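Position in the sequence shown counted from 1, then plus 3, gives you my numbering. Glycine residues also receive a C-beta, built at the ideal position from the N, C-alpha and C atoms. As the structure is a prediction and not an experimental result, all values here were calculated from the model. Taking it in order: structure first as structure tokens, then the write-up.
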Amino acid sequence: MPLQHNLTALPPLSLYIHIPWCVKKCPYCDFNSHTARDAIPEQRYIEALTRDLESALPLIWGRNIHSIFFGGGTPSLFSGEGIDNILTTVRSLLKLDFFAEVTLEANPGTVEANKFQEFKSAGINRLSLGIQSFNPAHLSALGRIHNDRDAHNAIGIAKDNFDNFNLDLMYALPNQTLLQAQQDLNTALSYTPPHLSCYHLTLEPNTPFLHHPPSLPDDDLSADMQVMIETTLVTANYLHYETSAFAQPHRKAKHNLNYWQFGDYLGIGAGAHSKLSFHNRMIRQMRHKLPREYMDHALVGNPVQTEHEISTSDRSFEFMMNALRLTNGFDLSLFSERTGLPITAIHKQLELAEAQQLITRDHIHVTPTLHGQRFLNDLLGLFLTSST
């Protein structure tokens, strides 16, 4: 009997809005961000975003938006009026869930109390602050534009204006000790953030850190830091729900959860990526990357640089690549719902993963073991050869 490839229902849809400029490019960053050497063309970029969204409407017509995320770059470089204009356009063109989560990323070096009040008035209801560290030496080594005082000031302003906010921390930093990593975490916890993201510093391709690596903690020390972070946060009643994400009860990041559960997202802005499902196919898109090039193309209704269909043979791997980041795993029914494939498509791979003690499973659910979480790449590798 041939395998079913069609979806019986479309997944939740999120909107990602990319703001590509930052004050200074960090040496570890491989995101599509660009140093703002001159005045940011905010108004022209907003016009391009509007045309971009209008051109995408036929692909998402009638679907509700579950969450919105302003990422970058540094979205907080935009004015409160600019963010308000973007969200007004979004509301006029799309159906937004009443309780939609609307997140904006901010760099502590760009935080101003008045501007953040304007962001809240515009409709931002969740803030994500890129703290990374409270240690001045480590902030300097990371090339951050803010210092420890800026970090504390930004969190204070965030708490005054937003009930829901996230703090980004990094560990395994240049010459960082276990005690220093613990101090960063304890300082963050003193503000009782609803959500914490704790990322291991990695050397990414095409970054200054890869070409001129700093002195980093070895694998054993990095592993000790990871265990310390997980143990400390679980003790503090944070749920470790994804590889790098920790949340107080009912404060999981809805937008990111939609990615990890293989939901849909429309990405607008320079270099933004989209994954969109239809009943009989799935597509991925990427917008033009360079800000000027993106604006030129978007303003004439041609923002998409590349588009391809996700083959049925890739759907299962892409689902697992996201869902196995969740520490509680996923229901087997979700696999079929989001991929259009029967669970038998990955039966052999699940058996092998279970035999290697990388997952536990029953007839309803699959959960990565702690061993599977620690060796996630090995676990995912088993699904590269899934048969469809």
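Checklist entry - Rounded to a whole number of angstroms, what is the C-alpha to C-alpha distance between residue 359 and residue 347? => result 19 Å
Checklist entry - Which runs of the beta strand (DSSP E) fall wholly inside the region 269-317 and span at least 3 residues, in chain order? => result 276-281, 284-290, 307-312
Checklist entry - Does the region 56-74 come close enough to the region 231-245 that 3 or more CB-CB pairs lie under 8 Å? => result no
Item to check | For residue 171, the first and last residue of its enclosing beta strand (DSSP E) | outcome: It spans 168-174 - the beta strand (DSSP E) in which residue 171 sits, taken as one unbroken run.
Next on the checklist: If distances are taken between C-alpha atoms only, which option among 205, 340, 64, 216 comes closest to residue 97?
Outcome noted: Comparing Cα positions, the closest option is 64.
Item to check | Nonlocal neighbours in the same chain, by C-beta distance under 6 Å from residue 212, ignoring five residues either side | outcome: 30, 31, 206
Checklist entry - With distances taken between CB atoms, is the gap from residue 83 to residue 49 smaller than 9 Å? => result no
Checklist entry - When burial is assigned at 16 or more other CB atoms within 10 Å of the CB, is residue 9 buried or exposed? => result exposed
Next on the checklist: For residue 39 and residue 76, I'd like the C-alpha separation in whole angstroms.
Outcome noted: 10 Å
Checklist entry - Which residue spans inside the region 210-245 form an unbroken beta strand (DSSP E) run of at least 3? => result 242-245
Checklist entry - So what does residue 247 bridge to, in DSSP terms? => result Partner(s): none; residue 247 has no beta bridge.
Next on the checklist: So the candidates are 169, 325, 209; which of them puts its Cα closest to the Cα of residue 255?
Outcome noted: 169
Item to check | C-beta contact flag for residue 153 and residue 114 at 9 Å | outcome: yes
Item to check | Local conformation of residue 334 per DSSP, three classes | outcome: strand
Next on the checklist: As a quick exercise: from 263, 264, 278, pick the residue whose alpha carbon is nearest that of residue 270.
Outcome noted: 278
Checklist entry - Who are the near neighbours of residue 137 in its chain, counting only those whose CB is closer than 6 Å to its CB and skipping five residues on each side? => result 151, 154, 187, 190
Item to check | Residue nearest to residue 21 in terms of C-alpha spacing, selected from 276, 224, 225, 364 | outcome: 276
Next on the checklist: So if DSSP puts residue 18 in a beta bridge, which residue, or which two residues, is it bridged to?
Outcome noted: Under DSSP, residue 18 takes part in a beta bridge, and its partners are 71, 269.
Next on the checklist: Quick check: what's the CA-CA separation for residue 391 versus residue 383?
Outcome noted: Below a pLDDT of 50, predicted positions are generally treated as unreliable, and residue 391, at 42, falls in that range; no measurement from the model is reported.
Item to check | Contact under 9 Å by Cβ, residue 249 with residue 200 | outcome: yes
Next on the checklist: Within 8 Å, do at least three Cβ pairs link the region 294-308 to the region 319-339?
Outcome noted: Look at the beta carbons and you see the region 319-339 not touching the region 294-308: under three pairs across the two are nearer than 8 Å.
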